[in-house]
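The numbering of the sequence shown is our numbering, which starts it at 4 and goes up by one.
Quick notes on the structure that follows.
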Amino acid sequence: MTKPRIRLGMVGGGQDAFIGAVHRIAARIDDQFELVAGALSSTPERALASGLALGLEQARIYSDFEVMAQQESEREDGIEAVAIVTPNHLHFPVARAFLQAGIHVICDKPMTATLQEAEALLQLSQQHKALFVLTHTYTGYPMVRQAREMVVSGQLGTLRVAQVNYTQDWLTEPLEQSGNKQASWRTDPARSGAGGCIGDIGTHAYQLLSYISGLKTASLCAEMSSFVAGRTLDDNVQILLRMRGGARATLWASQVAAGCENRLDIRLYGDKGGLEWSQEHPNQLWFTPYGGPAQLLTRGGAGATAMSRAECRVPAGHPEGYLEAFASLYRDTATAIRHYQQTGEVALSALLPGIEDGVEGMRFIDCAVRSGRDGAVWVDLA
């Protein structure tokens, strides 16, 4: 019997919003979700126009997310999950409203604007039986999941050194001063939080490092820079990380690196071998066993594991990319929601980022900001 699609709502993501469209596409790739309601903008006229353009019933187009959470929770055909795609400062109040209404939450990163909000949201999630998924997109790539599997299986041995970079150039000029909406909120502490570049892309780099390596950070030393005149938040960060167990790592995130479009690269080195993956070439993973030749592993190819093959939607040689990786998170979320509906158990796959990852990401931002503010001193991640 065909399972009905999961009824999905969305807060944010109205007209001209990049990430809202990405979520909607990803949610439909595996045909597990159907968007039926939304508070797509806080401006009533814009909310209505955005909802009608997406084919939503007018009665289920809201301009107030709290009204949406209340009314949808009271409907027999109300939404079962909500995607939060607003600027950072709204993540906490929106997630709180829907968790309290017993509605599963799919939230963009960073989870909240402050560490205190993240910790409060963790406590709240423990009081209400609802799933919380954090959309760290890059964890959905088959070769990222294979890299994680290779580390877990011991193919790299004991990890010693890690490097992760996430570099862009789109904020090389002060776009926020020319009315660019995306640049405006990302460089505004009131809407972005205490971190700029570090919150927008640095958290992706940090989470990818943790996801693949399994390493936990003991302490960090961060230099936070704002190169563009008049910019309040950081647009470039360089961080040293001491990992528990003795490994060492570096993280560089920049939105003023001329010539870099969306370059996320990670390299891990252990006493038995090393591996490298790049988001701009996501279907390839380089693995070099110590003393042996470098091996190019490809998505769905001869060196792919059974687990990573299961993540593929098209045969080897047919590129998969960003939207499919995002869709894998929605597919895993659908599996968790259906499991909850059958058993009442709130549980996520180990491959799917959740609320604990969100708290860890906010702790990373908080410690890096404090380190940079105090002159790049070492700060412990308690």
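Don't be surprised by glycine CBs; every beta carbon is placed ideally from N, CA and C.
Note that the structure is predicted; figures quoted are calculated from it, not measured.
The way I'd put it, the region 39-46 doesn't touch the region 100-110; fewer than three beta-carbon pairs between them come closer than 8 Å. By the Cβ criterion, the region 234-254 is in contact with the region 194-214, since at least three pairs of Cβ atoms, one from each stretch, lie closer than 8 Å. Pairing I82 with G12 gives a Cβ-Cβ distance under 7 Å. D274 has its alpha-carbon roughly 44 Å from the corresponding atom of H131.
With a 10 Å radius around the Cβ and a threshold of 16 neighbouring Cβ atoms, P322 comes out exposed.
Only exposed fits M310, as fewer than 16 other CB atoms lie within 10 angstroms of its CB. F36 is positioned such that its CB atom lies closer than 7 Å to that of I9.
In this structure, the CA atom of Q18 is about 12 Å from the CA atom of T89. For L57, the secondary structure class from DSSP, reduced to helix, strand or coil, is coil.
In this structure, DSSP gives G273 an extended state, which the three-state scheme calls strand. Three or more beta-carbon pairs separated by less than 8 Å link the region 264-271 to the region 156-170, which places the two stretches in contact. In this structure, the straight-line span from the alpha carbon of G217 to that of P192 is close to 31 Å.
Secondary structure note for M146: its alpha helix (DSSP H) is the uninterrupted segment 145-155.
With fewer than 16 other Cβ atoms inside 10 Å of its own Cβ, N265 counts as exposed.
With distances taken between CA atoms, F135 lies nearest to H94 out of H94, V240, D33.
With a threshold of 16 other beta carbon atoms within 10 Å, G294 falls short and is exposed. With a cutoff of 7 Å on beta-carbon distance, Q287 and L267 are scored as not near each other. Taking a 10 Å sphere around the C-beta of H284, we find fewer than 16 other C-beta atoms and assign the residue as exposed. A62 carries a helical assignment under DSSP once its states are collapsed to helix, strand and coil. With respect to the 7 Å criterion, I215 and A150 are classified as neighbours on the basis of their beta carbons. Shown here, A121 sits in a helix according to DSSP, grouped into three states. In this structure S66 is in contact with P47, their Cβ atoms being roughly 4 Å apart against a cut-off of 8 Å. Nearest in C-alpha terms to P7, of all of Q74, D80, S53, V25, is D80. Counting along the chain, P96 sits inside the alpha helix (DSSP H) bounded by residues 94-103.
The beta carbons of G277 and T291 sit closer together than 7 Å. The region 256-265 and the region 172-181 touch, with three or more beta-carbon pairs separated by less than 8 Å. When the Cα atoms are used, S195 and V231 turn out to be separated by approximately 17 Å. In the three-state reduction of the DSSP assignment, S222 falls in the strand class, which pools E and B.
Judged by DSSP secondary structure, T338 falls within the alpha helix (DSSP H) whose first and last residues are 325-346. Shown here for S331: same chain residues with a beta carbon closer than 7 Å to its own, the five before and five after excluded, namely G143, E314 in chain order. Note that the C-beta distance between R366 and L118 is below 7 Å.
In the three-state reduction of the DSSP assignment, Q241 falls in the strand class, which pools E and B. Contact annotation: T308 and E152 have beta-carbon atoms nearer than 7 Å.
The DSSP-derived three-state label of Q298 is strand. Of the other Cβ atoms in all chains shown, 16 or more fall within 10 Å of the Cβ of E363; this residue is therefore buried. Close CB contacts of I368 within its chain, under the 8 Å cut and outside five residues either way in sequence, are with P113, L118, G196, A197, G198, I201, G202, G205, T206 (chain order).
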